[in-house]
Each structure stands twice: as C-alpha cells, then as structure tokens.
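Structure first, then comments.
Residue numbers (the numbering used here): 22 to 476.
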C-alpha cells in the first residue's frame, strides 16, 4: 500500500520530466537543421541578410543556366535595370550572331581557312576620349595575343603514307604537341562525353525503342580528333578504346579556339609524323566540313603535359560595337563604355583573387583562386579582307587558371557594372563578396575564343 501510494505520487513528476526531455530534444533538432541550412547556404555563396549587398534587388530571378541537371536550384540572382539592359543588348541577342559577333566569327573563319593568312586579322585602334579627356591607344605588349595580330604558319600539302606498327618492346614513344583551331558552334565542347551518352541510352532503352535523328547531340572536339587519329596512331586498328588526348583548356559548348594546345602519343613509326598528322586531320576536316583545323604539330619530350605544364592560358571575347544605334531607350554596347571597362579589368591584374563568385556549378578544382597576368579591354578592327572595316570591343585575359564559365561571367558582369557607372573596383568587390547573386548572367559563348596556352 505504501509503495503504491509513492508510485501514484511520483507519476506527475515523471510526466513533467519526460516532457522536459522531449522539449530539449526538439530544440536540439531545430538547432541542427538550422546549422545544416546555414552551412549549405554559405557553401553556395549565399548571404542571409539582403541588406548587406550594395546592388538594388528589384527581383530575385532564377538564372536558367544555373539549374542542375536534376532540376536543383543552385543559386538565385539579384537583378536590376542594368541586368535587363544586358539581356536586351547581348544575352537575348545571342542567336543573332552575325550582328553582334560578326568580328568574332570572321576571326575564327580566318583560322579555319586553308589559305595563307600571314597578314594580321585584327589591329588595335584608338578609342574615344576617356573620363579624363586623354586619347588612349591600346598596344599589344603581350606575346600571348600574337596569333591575332599576324603570327601564322604555312601549311604544306604532303602525301599520306600508311604508318608502320611495331611492338612497344624496344620502341620509343613519340609525343606530339598539336595546335588546333575550331568553330565552337559545331561542337558540344572539348570533352568527349560519349561514355555518358551510352550510359543514358542504356538506361532509357526500356522507355524508347527508337532514336530521333533530331535529338542527336553535337560531336566533341576531343572525340572528333580521336576518331580521325585513333586508327592511325593507336596501338591496334581494331582497338575500340579512344586514344588519350590531353588538352590545355577544356572549352564549353559554343566556345571557339584559334590556338588550343593538346598532346597525343603513339608507338607507331610514321615518317615525317608531324606533317602526316596535320595533313590527315585537315583533309578529313575539309572533306566532311568538321569545323576544325590543325595549325601546327611538333614533337615534344615525354614530360610535356599541356594542362599541368601550362603556365598561362589566354582568351579574348569580341563584341561588335554599335555606336550608330538609333535606339535611345536601349543604347547598345558602344565605345563610351571602353575607358571604364578597361579600368575595372586592370584593377584585377596581377592579384591572386578568389573567383568563386564568377564561376558556375559545383566547384571541382582544388582552389577557386586565380591570377590574371593580363586583363584589359580595347577596341580592335577586323582587317582580314573586308571592304568595311568592322570594329569590336575586345576583352583580353591571360591567367594561370580559369574556372568553369569564368570568362563569360566576367565579361557580362563587367559590362553591367560599366553601364551602371560603377567604380573601378566594382568587380573586385563582387569577387570579395563570394556571393554568386551579385554577378550578372554569363555572356553568350559566341564571342569567346581560346587564343593559346604558354607551355
């Protein structure tokens, strides 16, 4: 009786004790969820307090290119009227390439041509008086951009001779460095992605019994070269495994190149191998309108690696100037923007900065820090044979590394900030914020070219 009475008295105290424990547990779970959310936001470049940003947030608009393959939203942009201007004058007009990217297209076609183009394709011209009233003429000053200003090699036609295959035993492997030009609009990018396509097709084979030709993906530059050179420099003509091709810079879909650098190797003994490989690829490319061309081949040592051994990579981005536009409400990209653009980019020159804010997607590199050795904007004129000398805005960038979509994001953001009337250090402030919402949309790939790699 006594024990029963004690148990009955203690029950309310036990219930209160358990309720207290449950409350503490719920609070801990809520705190853990909050920590996880905060960690995820910080890792994607979010800042929770919108008032910490300097730009005016008229709308939080989703950037279509920054949605993951599974539909996951990676980040949301902060947009204002200057972003809308950029959409109208550049991004939404990317399909009208002959109008705003005609100079870029002409430069690429000049390198795709089989004719001797030892004369320069571009020259720098003075732009209008800057904010200080001083007329400025842009000078080259960097050998990285010599391919654009007249350095070009002749190509001699040779007869193709079948190579002799030998066993690897007691043989020396030949290492070849290839310089390549290609028209980006005809490729899905540099990297061969056929292994992904095969896997996707096998996974979807139960849902579809036929393949529509209209859905066939564009070829890759790497895959195209492997298909041409594989049967010749591979160890066996029946080997279906693609040959290994290393490259200095993997370009995205639509990005062209006039001096891409890659490496191939072979154990086969091929007389005059440099000329043989160059002629083989170029003849195949012309016959099948593949949109690529090898401009130079040379033998290199076994330690040569175009990616790990490259001390710098060079890009240009060309946009036709529209000084004669009659649209008063939406002025185009004119030479008046050049002085401010040039000062903004020169603020980044020679500094090791974190370019996470100007990168795309999940970071797969060990670091997001890059150093731009050469960063400026000039006006150039296409002089490759046209009667009408067309002028273009030219972004010149040389750096030790470039993150995914970094150049296109830098170009778009710089144009927006210049149109806005931003300070010279506007781009640097965006980089220091590490907030991807502060940037603009990426400029279209049509105007971007890989110029060369210093290896």
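C-beta atoms are modelled at their ideal positions from N, C-alpha and C, and glycine is treated no differently.
Item checked: Cross-strand partners of residue 470 (DSSP beta bridge) -> Beta-bridge annotation (DSSP): residue 470 is paired with 277, 337.
Margin query: Spatial neighbours of residue 483 within its chain, please: C-beta separation below 6 Å, excluding the five flanking residues on both sides.
Written below: There is no way to answer for residue 483, as the model of the chain reaches only from 22 to 476.
Check: Can you find at least 3 beta carbon pairs, one from the stretch 455–473 and one from the stretch 268–280, that sit closer than 8 Å?
Finding: These segments touch.
Notebook entry, point to check: If you draw a straight line from the alpha carbon of residue 94 to that of residue 380, how long is it in whole angstroms?
Noted result: Note on residue 94: pLDDT 41, under 50, position unreliable in the model; no value is reported.
Checklist line | Distance between residue 456 and residue 99 (C-alpha atoms, nearest Å) | finding: Separation of residue 99 and residue 456 (C-alpha to C-alpha, rounded to the nearest whole angstrom) is 10 Å.
Next item on the list: Can you tell me which of the three DSSP states residue 303 falls into?
Entry: In the three-state reduction of the DSSP assignment, residue 303 falls in the helix class, which pools H, G and I.
Checklist line | Endpoints, beta strand (DSSP E) assigned at residue 203 | finding: First-last of the beta strand (DSSP E) with residue 203: 195–203.
Item checked: C-beta atoms of residue 282 and residue 299 nearer than 9 Å -> For residue 282 and residue 299, no; Cβs fall outside 9 Å.
Margin query: Please report the distance separating the alpha-carbon of residue 473 from that of residue 101.
Written below: Going by the C-alpha atoms only, they are around 36 Å apart.
Checklist line | Residue closest to residue 366, alpha-carbon to alpha-carbon, out of 123, 132, 444 | finding: Closest in alpha carbon position to residue 366, among 123, 132, 444, is 444.
Next item on the list: Check whether the Cβ of residue 166 lies closer than 9 Å to any Cβ atom in chain D.
Entry: Judged by its chain identifiers, the structure shown contains no chain D, having just a single protein chain.
Item checked: Whole-angstrom distance between residue 266 and residue 361, CA atom to CA atom -> The alpha-carbon of residue 361 is positioned some 41 Å away from that of residue 266.
Next item on the list: Check whether the Cβ of residue 169 lies closer than 8 Å to any heavy atom of the ligand NAD, and answer yes or no.
Entry: Because no ligand of any kind appears in the structure shown, any question about the ligand NAD cannot be addressed here.
Checklist line | residue 375 - containing beta strand (DSSP E), residue span | finding: Going by DSSP, residue 375 is part of the beta strand (DSSP E) stretching over 373–375.
Notebook entry, point to check: Taking the Cβ atom as the reference point for each residue, do residue 212 and residue 334 lie within a distance shorter than 9 Å?
Noted result: Contact flag unset, no.
Checklist line | With 16 other Cβ atoms within 10 Å as the buried cut-off, status of residue 156 | finding: Caution applies to residue 156, whose pLDDT of 40 falls short of 50 and renders its modelled position unreliable; the value that the coordinates give is listed next. Exposed is the call here.
Item checked: Beta-carbon spacing of residue 128, residue 311 below 9 Å -> It is not a contact, given that the beta carbons lie outside the stated cut-off.
Checklist line | Coil, strand or helix - residue 450 by DSSP | finding: In the three-state reduction of the DSSP assignment, residue 450 falls in the helix class.
Check: Looking at residue 417 and residue 122, is the spacing between their C-beta atoms short of 9 Å?
Finding: Result no, Cβ atoms of residue 122 and residue 417 do not sit closer than 9 Å.
Note to self: Rounding to the nearest angstrom, what Cα-Cα distance links residue 387 and residue 329 in this structure?
What the structure shows: Taking the straight line joining both Cα atoms gives about 13 Å.
Note to self: I'd like to know whether the C-beta atoms of residue 436 and residue 419 end up nearer to each other than 9 Å.
What the structure shows: Not in contact: residue 436 and residue 419 (Cβ atoms no closer than 9 Å).
Margin query: So for residue 166, helix, strand or coil by DSSP?
Written below: Here residue 166 carries a helix assignment [DSSP, helix/strand/coil].
Check: With C-beta atoms as the reference, is residue 321 less than 9 Å away from residue 196?
Finding: The answer is yes: Cβ separation under 9 Å.
Note to self: I believe residue 355 touches residue 313 by the beta-carbon criterion, under 8 Å. Please report the beta-carbon distance rounded to the nearest angstrom.
What the structure shows: At roughly 34 Å, the Cβ-Cβ gap does not stay under 8 Å, so residue 355 and residue 313 are not in contact.
Next item on the list: With a threshold of 16 other CB atoms inside 10 Å of the CB of residue 327, please say whether the residue is buried or exposed.
Entry: Burial call: buried.
Checklist line | DSSP three-state assignment for residue 389, whether helix, strand or coil | finding: DSSP places residue 389 in coil when its eight states are reduced to three.
Check: Are the CB atoms of residue 316 and residue 404 nearer to each other than 9 Å?
Finding: No, Cβ-Cβ distance for residue 316 and residue 404 is not below 9 Å.
Notebook entry, point to check: Does the Cβ-Cβ distance between residue 414 and residue 369 come in under 9 Å?
Noted result: No, these two residues do not count as a Cβ contact at 9 Å.
Next item on the list: Answer with buried or exposed for residue 125, where buried requires no fewer than 16 other C-beta atoms within 10 angstroms of its C-beta.
Entry: Using a 10 angstroms sphere on the CB of residue 125, the tally of other CB atoms reaches 16 or more, which defines it as buried.
Check: What three-state label does DSSP hand residue 309 in the structure shown?
Finding: It is coil, neither helix nor strand.
Notebook entry, point to check: How close, in whole Å, do the beta carbons of residue 278 and residue 264 come, if the pair is a contact with beta carbons under 8 Å?
Noted result: Not really, about 20 Å apart at Cβ, beyond 8 Å.
Notebook entry, point to check: Should residue 254 and residue 289 be called a contact, given that it needs their Cβ atoms to be closer than 9 Å?
Noted result: Yes, the Cβ-Cβ distance between residue 254 and residue 289 is below 9 Å.
Next item on the list: May I ask you to list the residues that DSSP assigns as paired with residue 463?
Entry: None; residue 463 has no bridge partner.
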